[in-house]
Amino acid sequence: MSFSAEVKKELTSLDDNSTVLMALIRMNGSLGISRGLTLSITTENATTARYIYTLLLKIYNIKSEIRTQQKTNLSKNRIYTVYIDDQVNNLLDELDLADGLLLDNGIPASVKYDEKKSIYYLRGAFLSSGNVSDPESGKYHLELSSVYQDHAQDLKDILENLGFNAKIIERKNRYVLYIASAEQIMDFLTIIGAMNARLKYENAKIFKEMRNQANRVANFETANLGKTVNASYDMIEKINILDQKLGLENLPENLFEVARIRLENPDLTIKELGEAMSPPLGKSGVNHRLRKLSQMAEVYLEEK
Numbered sequence: 077m078s079f080s081a082e083v084k085k086e087l088t089s090l091d092d093n094s095t096v097l098m099a100l101i102r103m104n105g106s107l108g109i110s111r112g113l114t115l116s117i118t119t120e121n122a123t124t125a126r127y128i129y130t131l132l133l134k135i136y137n138i139k140s141e142i143r144t145q146q147k148t149n150l151s152k153n154r155i156y157t158v159y160i161d162d163q164v165n166n167l168l169d170e171l172d173l174a175d176g177l178l179l180d181n182g183i184p185a186s187v188k189y190d191e192k193k194s195i196y197y198l199r200g201a202f203l204s205s206g207n208v209s210d211p212e213s214g215k216y217h218l219e220l221s222s223v224y225q226d227h228a229q230d231l232k233d234i235l236e237n238l239g240f241n242a243k244i245i246e247r248k249n250r251y252v253l254y255i256a257s258a259e260q261i262m263d264f265l266t267i268i269g270a271m272n273a274r275l276k277y278e279n280a281k282i283f284k285e286m287r288n289q290a291n292r293v294a295n296f297e298t299a300n301l302g303k304t305v306n307a308s309y310d311m312i313e314k315i316n317i318l319d320q321k322l323g324l325e326n327l328p329e330n331l332f333e334v335a336r337i338r339l340e341n342p343d344l345t346i347k348e349l350g351e352a353m354s355p356p357l358g359k360s361g362v363n364h365r366l367r368k369l370s371q372m373a374e375v376y377l378e379e380k
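Here the sequence shown is numbered in the working numbering, starting from 77 and rising by one per residue.
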């Protein structure tokens, strides 16, 4: 089951509400005539189809029929249609949905400017056409699509009234409203009531950030280790030059000791190098002696 399907399944377990049904009909409904007015509400999600059936029965005592058909001959996806041929006019009037035989394409002001109803409408809109990327993928994207530009703009207005930053693009003759911020996606899931989905999203985001931080630390440590190793072998090369030109035994005792330990332990850090000396020496002391050895070797390198 996709993450979007998980969200929709959670939403269908919440309280029954007529505004949710309004959004589902407005966005997925179509009217017809067959011995009277009929209403068909289509969805590709079986759970959503059963939810619409339940809402109609519980809220309006309307019995409907769920019809199933294959999307195409080559596709495994099915289309579920909730079909109503009774009390359609009454239902459309109750939900302020129809003007003649055409479903309105905007959102009524009574919903758009009522915060509680607008949140329920967003829940229905997500059930209708919502899609949200799986947070495990590391991509943060949530979208709602609508056939009508006016309707998409109304959805955008509702989201902006609730503090969201949403944008609209046109894609395949549909208007797609999208949010691309992880924090805002989590807030959206929260307000429409998908708390379990929100927690899963948040946990995945935290895990990703921790993994990225661990990778950055590992890369930083690897880079520092590389610098340490390069510096160590550069120093060993200079100590070998001094050994060839002067003989290490002829160096001052303090320089001889650090040169000997470095030759014997090329992988030691500066701190570990100081700890290996007798008596132990701090990092600044070790660096001072290594600089002296380096300066002495530079004289011979310039002669080449």
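The beta carbon of each residue, even a glycine, is placed where N, CA and C say it ideally should be.
Integer-rounded CB distance, given that Leu369 should sit under 8 Å from Leu322: About 11 Å separates the two Cβ atoms, so there is no contact after all.
For Lys193 and Ala201, I'd like the C-alpha separation in whole angstroms. When rounded, the distance between both Cα atoms is 12 Å.
With a cut-off of 8 Å on the beta carbons, I'd call Ser221 and Val252 a contact; round off their distance for me. So it is a contact: roughly 5 Å between Cβ atoms.
Looking only at its chain, what residues have a beta carbon closer than 6 Å to the beta carbon of Leu177, apart from the 5 residues adjacent to it on each side? Since pLDDT at Leu177 reaches only 44, below the 50 mark, its modelled position is unreliable, and the value read off the structure follows with that caveat. Once the five neighbours on either side are set aside, the close Cβ partners of Leu177 are Leu107.
With DSSP run on the structure shown, which of helix, strand or coil describes Gly112? Note: Gly112 maps to coil in three-state DSSP.
Arg247 bridges to which residues according to DSSP? According to DSSP, which records beta bridges pairwise, Arg247 is partnered with Arg250.
Bridge partners for Tyr159 per DSSP, in chain order? Answer is Ser116, Glu141, bridged to Tyr159.
What is the rounded straight-line gap between the Cα of Glu86 and the Cα of Ile268? The alpha-carbon atoms of Glu86 and Ile268 are separated by roughly 10 Å.
Taking the beta carbon of Arg247 as the centre, do at least 16 other beta carbons fall within 10 Å, making it buried, or is it exposed? Counting Cβ neighbours within 10 Å, Arg247 comes out exposed, since fewer than 16 surround it.
Within 10 Å of its beta-carbon, does Val375 have 16 or more other beta-carbons around it, so buried, or fewer, so exposed? Val375 is exposed by the Cβ-count criterion.
Report all residues from its chain with a CB closer than 6 Å to the CB of Ser94; omit the five preceding and five following residues, and keep chain order. The beta carbon of Ser94 lies closer than 6 Å to those of Ile135 in the same chain, with the five residues before and after it left out.
In the DSSP assignment, the beta strand (DSSP E) including Leu218 goes from what residue to what residue? Start and end: 218–222.
If you reduce the DSSP assignment to three classes, tell me which class Ile255 lands in. The answer is strand: DSSP assigns Ile255 an E or B state.
Please state the DSSP three-state secondary structure of Leu107. The three-state secondary structure of Leu107, taken from DSSP, is strand.
Would you say Thr88 and Thr123 are within 8 Å of each other, going by their C-beta atoms? In contact: Thr88 and Thr123 (Cβ atoms closer than 8 Å).
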